[in-house]
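Trainee: I have a structure I would like to understand better, so I am pasting it below and will then ask my questions one at a time.
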Amino acid sequence: KTAYGELLGLFPEMAQGKGRDRGKVDVIADQPMTYGLVLSAEALRYRALPTDEGKRRVRQATRWLLDNSRLAEDGKIGWGLPFAWNEYPQHTGYTITTAVVLEGLLDALTLGDFWKKEESERILKAVREAQVRWCREMWVENHAGGYFHYSTHDAGPGWFCVNAPAMFLGAMARFHAEHASAASATERKMLAERMDKLARAIVATVELREGAPYWKYIIPPNKYKSDRPNDLVHQVYILWGVEHYRDARNTVKLPWNRAGAMESLERFWKDGTLRFF
């Protein structure tokens, strides 16, 4: 409790997602991913211990994310970085950023009558529109199934950077299980097909080591000729998403169990040192 309070103090109530990014430390700006992470944390805390501060924080983070859901030049829904990065323009929608935001919004919706009807409908509309957009515009068939592009700026055959689509899969599975009625029958069918194909691609590219699952950061072959493994953070993104899929849908069976998933994380810690991979 004390540690969480100290950590939360680093994120001022009226600017919970404002700060620097290690990729561009000279820029201080509002970061959608940070708002999404704080929203998840504060929504879960509020469920366990409701406070006035918690209520304000949940509302403020949710409002910021909804009000800033279409910052890219195309005006379409999605969340990204407040600055240009490599070949990607400012506010390009990234699959991983959008997935983290969707998780935050879904966590906020677990608070039930915390929200007025029109408020929860606005949140659900954003969650649905983002997932439908990704399924229609960002989808690539490959690897015994399919996956989402890394960002809205990418096109063509693309490359399978597993962590981002996997995290997005978790949000889709939660939405499908918890709020299916918010989507049309046609949309539900499309989302279900995309989820299961993505799960198949994740299973098709896994490497099991004594029952523990691992993936390359980008599945070979790819345009970057990358063959490096995931680090711990990206391993967590993958498992967070696929384990949500297991809990909420489980149509495609995962060839490892929960204990194996946890073991894959514990192996990053060795001889008192946190290893990169």
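Add 14 to the 1-based position in the sequence shown for the working numbering, that's all there is to it.
By construction, the Cβ of each residue, glycine as well, lies at the ideal position given by its N, Cα and C atoms.
#1: Relative to the C-alpha of Thr109, which candidate in Lys203, Phe182 and Leu79 has its C-alpha closest?
#2: Under DSSP, the alpha helix (DSSP H) around Leu205 begins and ends at which residues?
#3: Would His105 and Gly118 qualify as a contact pair, given that the criterion is a beta-carbon distance under 7 Å?
#4: Does Asn177 pass the burial test, meaning 16 or more other C-beta atoms within 10 Å, or should it be called exposed?
#5: How many angstroms separate the CA atom of Glu20 from the CA atom of Pro179?
#6: Please classify Tyr60: does DSSP put it in a helix, a strand, or coil?
#7: Check whether the segment 44–51 touches the segment 81–95, taking contact to mean three or more Cβ pairs, one atom from each stretch, closer than 8 Å.
#8: Give every residue of the same chain whose Cβ lies closer than 7 Å to the Cβ of Val141, excluding the five residues on either side of it in the sequence, and list them in chain order.
#9: Could you spell out the range, first to last residue, of the beta strand (DSSP E) harbouring Gly160?
#10: Would you identify the three-state DSSP class for Ala266, choosing helix, strand or coil?
#11: Taking the CB atoms as reference points, tell me whether Ala215 and Gly255 lie closer together than 7 Å.
#12: Could I get the ranges of all uninterrupted beta strand (DSSP E) runs contained in the segment 113–188, with 3 residues as the minimum, in chain order?
#13: Relative to the C-alpha of Ala62, which candidate in Pro227, Ala199, Thr124 and Pro103 has its C-alpha closest?
#14: Have a look at Thr292 and Glu280 and give me their C-alpha separation to the nearest angstrom.
#15: Do the segment 204–212 and the segment 148–167 make contact, defined as three or more Cβ pairs closer than 8 Å?
#16: Sorted by chain position, which residues of the same chain lie with C-beta nearer than 6 Å to Ala113's C-beta, five sequence neighbours on each side aside?
#17: Given 8 Å as the limit, is there contact between the segment 25–38 and the segment 59–74, that is, 3 or more CB pairs closer than that?
#18: Specify, as a first and last residue, the run of the alpha helix (DSSP H) that Leu80 falls within.
#19: Between the alpha carbons of Gly33 and Leu22, how many angstroms are there, rounded?
#20: Residues in the same chain with beta-carbon distance under 6 Å from Ala191, minus the five sequence neighbours each way, listed in chain order, please.
#21: Less than 8 Å between the CB atoms is what I'm expecting for Trp99 and Gly37, so what's the real figure, rounded?
#22: Who are the near neighbours of Pro227 in its chain, counting only those whose CB is closer than 7 Å to its CB and skipping five residues on each side?
Mentor: On the basis of the supplied data:
#1: Phe182
#2: Ala199 to Ala218
#3: no
#4: Classification for Asn177: buried.
#5: 32 Å
#6: Residue state, collapsed to three classes: helix.
#7: yes
#8: Same-chain partners within the cutoff: Leu116, Leu119, Leu120 and Phe189.
#9: Taken as a continuous stretch (DSSP letters only), the beta strand (DSSP E) holding Gly160 covers Gly159 to Phe162.
#10: Just to set this straight, residue 266 is Val in the shown sequence, not Ala. If DSSP states are grouped into helix, strand and coil, Val266 belongs with coil.
#11: no
#12: 153–156 and 159–162
#13: The residue with the shortest Cα to Cα distance from Ala62 is Thr124.
#14: No statement about residue 292 is possible, as the shown extent of the chain runs from 15 to 291 and does not include it.
#15: At 8 Å Cβ cutoff, the stretches touch.
#16: The beta carbon of Ala113 sits closer than 6 Å to those of Met181, Phe182 and Ala185, all from its chain and outside the five residues before and after it, given in chain order.
#17: yes
#18: Asp66 to Asp81
#19: Distance between the alpha carbons of Gly33 and Leu22 is about 14 Å.
#20: Ala262
#21: 6 Å
#22: Val220, Trp270, Gly274, Ala275 and Ser278
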